[in-house]
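So the sequence shown is numbered by the working numbering: it starts at 1 and just counts up by one.
Note that beta-carbon positions come from the ideal geometry of N, C-alpha and C, so glycine has one too.
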Amino acid sequence: MKKNVYELAMKRIEIIFNEFDNVYISFSGGKDSSVMLNLCIQYIRNNNPERKIGVFHLDYEVQYNETVQYVDRVFQMNPDIIEVYRICVPFKVSTCTSMYQTFWRPWDEACKNFWVRELPPGSYTKEDFPFYTEDMWDYDFQILFSQWYHRLKKAKKTCCLVGIRTQESLHRWQTVHSNKRCNMYRYLKWTRKLSDNVYNAYVIYDWLTTDIWVANARFVWDYNRLYDLYYKAGVPLDKQRVASPFISEAQESLLLYRAIDPDMWGKMICRVNGVNFTAIYGNTSVVARKKVRLPPEHTWESYMHFLLSTLPESTRLNYLQKLSVSINFWRNKGGCLSEETIEKLRACGIEIEVLNHSNYKTAKRPVKMEYQDDIDLPDFKDLPTFKRMCICILKNDHLCKYMGFAMTKKEIENRKRIMDFYRNVYK
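As structure tokens, this is what we get:
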């Protein structure tokens, strides 16, 4: 008989608790991680009441008060089962609200007079983690925490439960459905290796948004009441997310803070540069959220140079470096494109050089070409144009994710340096 998503999730949780002597959950206060935590508590209560589970919460300082109150409620419940790790550390967090600030630091001592709330009691701070450095980003901290926690518990095998669902995005679907079996735990596709004997597990990856709310109603679980306010504000179910308010994905909904949580809004506009501007224009063409129009008497290349001229020097140089890397890539190595796109480029009279094979695992072929001003094709996002660079600048997309950029060599070296530092601490 075919099992439903609840039964499958409980089976996966059973496997995790049988296989791993050390289990913790990454808990944000959002709907997905909340349901996952409730599933684990239910499993422990019914099967192994002596077992405990760690709850890892990155407290980003600036959050809706409803989220803060819900997190506090969760930490006060089930004290016999959960071990709380509330992290209040000033690591770097990306922000897309400003051309002057590429990142901000929650709980930064240098900005203590501007903190939006007091440090929660019982929090873990930077002094608790020997691996912390000022160069560290929040995602670096999460990886290093898993290793620190593994050593702290003197565990044989550690598993971190992460509440991602493939319905949310293509990136999350790819995370779960990767074919790299060497990175799985015993070939379970919903697991991923982080380091030696440390794994992530995505036990609700196949749930839908409606499954989350059905579970909350059926089992009468507490949840973040922020979602009720989202609903009353007319936010669709698939757009209701709990996340750091200053990242690119949150630009469109930043204005909701002013209506839903005016007290927090009054504090946060002084905390990070450009918050009020982004709230006003975050859903408009000013920051490339709607269709971007080219100003009169400009090409996209000249418009790009105009936009660059308005930026602080460090920000301008960052974009120019990204552009230089991209131009050299398309000129000397080539991007992988489908045969259909290749034919469309030829039909447009664009000069291209098509190579026979690629080092990547793909049926597409690498194509060398020069940067174009704009290309009116459905595959616009896959092609090198100055228009795409303009969109990155308007979005304050300092990492140029819109252009498909991953971490640079320097960024990878910085991460490796942090990892090496952490390893040396325990030698």
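Roughly how many angstroms lie between the CA atoms of residue i and residue j, to the nearest whole one?
i: Thr209; j: Ala9; result: 15 angstroms
i: Met403; j: His298; result: 21 angstroms
i: Asp379; j: Ile247; result: 26 angstroms
i: Trp265; j: Arg258; result: 5 angstroms
i: Asn328; j: Leu345; result: 19 angstroms
i: Ser309; j: Met99; result: 12 angstroms
i: His357; j: Glu339; result: 12 angstroms
i: Ser324; j: Asn318; result: 10 angstroms
i: Pro79; j: Leu226; result: 24 angstroms
i: Leu37; j: Ala110; result: 35 angstroms
i: Tyr231; j: Asp222; result: 17 angstroms
i: Arg117; j: Glu61; result: 7 angstroms
i: Asp138; j: Thr95; result: 12 angstroms
i: Gly349; j: Phe405; result: 27 angstroms
Does residue i pass the burial test, meaning 16 or more other C-beta atoms within 10 Å, or should it be called exposed?
i: Gln321; result: exposed
i: Cys400; result: buried
i: His150; result: buried
i: Gly122; result: exposed
i: Ile16; result: buried
i: Asp263; result: exposed
i: Leu355; result: exposed
i: Asn183; result: exposed
i: Tyr187; result: exposed
i: Arg388; result: buried
i: Gly163; result: buried
i: Phe56; result: buried
i: Met304; result: buried
i: Phe219; result: exposed
i: Ser314; result: exposed
What does residue i pair with, by DSSP beta-bridge criteria?
i: His57; result: Arg86
i: Tyr199; result: Cys159, Lys193
i: Val354; result: Val367
i: Thr385; result: Gln372
i: Val93; result: Trp104
i: Gly335; result: Val367
i: Ser188; result: Here residue 188 is Leu; the residue named in the question, Ser, does not match the sequence. Beta-bridge pairing links Leu188 to Tyr185.
i: Trp300; result: Trp300 is not bridged to any residue.
i: Gly265; result: Note on residue identity: the sequence assigns Trp, not Gly, to residue 265. DSSP output for Trp265 lists no bridge partner at all.
So, helix, strand or coil for residue i, using DSSP?
i: Thr209; result: helix
i: Lys344; result: helix
i: Val367; result: strand
i: Ala259; result: helix
i: Ile25; result: strand
i: Phe306; result: helix
i: Trp115; result: coil
i: Val214; result: helix
i: Cys400; result: coil
i: Trp221; result: coil
i: Leu311; result: coil
i: Tyr149; result: helix
i: Tyr124; result: strand
Compute the distance between the beta-carbons of residue i and residue j, then report whether it is under 8 angstroms.
i: Val242; j: Gly54; result: no
i: Ser146; j: Val93; result: no
i: Glu66; j: Asn224; result: yes
i: Thr158; j: Asn273; result: no
i: Leu337; j: Lys381; result: no
i: Arg316; j: Lys368; result: no
i: Ile44; j: Leu161; result: no
i: Thr166; j: Asp206; result: yes
i: Val89; j: Phe114; result: no
i: Ile87; j: Tyr64; result: no
i: Ala233; j: Ile204; result: no
i: Ile81; j: Ile41; result: yes
i: Asn22; j: Lys153; result: yes
i: Leu307; j: Ile375; result: no
i: Val84; j: Phe75; result: yes
Less than 7 angstroms separating the Cβ of residue i from some heavy atom of the ligand FAD?
i: Trp330; result: What this structure holds is no ligand at all, so the ligand FAD is not there to describe.
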